[in-house]
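*Asks:*
Residue numbers (UniProt numbering): 1 to 86.
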C-alpha cells in the first residue's frame, strides 16, 4: 500500500452454521481479491451472530523502532454496512 493513495476495500463476512465450515470471508482491494475462503468462525451458538463492528488500524510493532516523528492520519470514507436478513 502506498502513501497518499486511496483504496477501495470491500470486506464480506458470513457466519457459519453449527460446526460446519460454511462461513465465508472475502477481502477485495481495488477490485483485486486478496482473500476468499470458507471458514468455520465458531462452534459456539451463543457467539455465532455478528453483534458489533469494530475498527482497528494497526500500523506497526510494539517498540520504538516503529515510532514515527510525524502525526499521521487514515481517513475512512463512504462506509456502508449491509445486514442481510435471514
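Built from N, CA and C at the ideal position, the CB exists for glycine as well.
Using CA coordinates, which residue listed in 6, 10, 4, 3 is at the minimum distance from residue 80?
*Replies:* Within the chain shown, numbered from 1, the residue matching residue 80 stands at position 80. When only C-alpha atoms are compared, the closest one is 10.
*Asks:* Return the residue from the list 60, 41, 78, 83 that minimises the CA-CA distance to residue 72.
*Replies:* For the purposes of this step, residue 72 is identified with residue 72 of the chain shown, where counting begins at 1. Among 60, 41, 78, 83, the Cα nearest to that of residue 72 is on 60.
*Asks:* Does residue 45 come out as helix, strand or coil in the three-state DSSP assignment?
*Replies:* Sequence index remark: in the chain shown, residue 45 carries index 45 (1-based). Helix at residue 45.
*Asks:* Measure the Cβ-Cβ separation of residue 8 and residue 30 and say whether it is below 7 Å.
*Replies:* In the chain shown, residue 8 corresponds to position 8, counting from 1. In the chain shown, residue 30 corresponds to position 30, counting from 1. In contact: residue 8 and residue 30 (Cβ atoms closer than 7 Å).
*Asks:* Which residue from 6, 70, 23 puts its Cα closest to that of residue 40?
*Replies:* Position 40 of the chain shown, counting from 1, holds the residue named residue 40. Looking at the Cα atoms, 23 is the closest of the given residues.
*Asks:* What's the C-alpha gap between residue 74 and residue 6?
*Replies:* Counting from 1 along the chain shown, the entry for residue 74 is found at position 74. Counting from 1 along the chain shown, the entry for residue 6 is found at position 6. Rounded to the nearest angstrom, the two C-alpha atoms are 10 Å apart.
*Asks:* Hey, out of 18, 38, 76, whose CA is closest to residue 56's CA?
*Replies:* For the purposes of this step, residue 56 is taken as the residue at position 56 of the chain shown. Among 18, 38, 76, the Cα nearest to that of residue 56 belongs to 76.
*Asks:* Look at the alpha carbon of residue 25 and the alpha carbon of residue 83, and state the distance between them as a whole number of angstroms.
*Replies:* Start at 1 with the first residue of the chain shown, and residue 25 comes out as number 25. Start at 1 with the first residue of the chain shown, and residue 83 comes out as number 83. Each residue's alpha carbon lies about 15 Å from the other.
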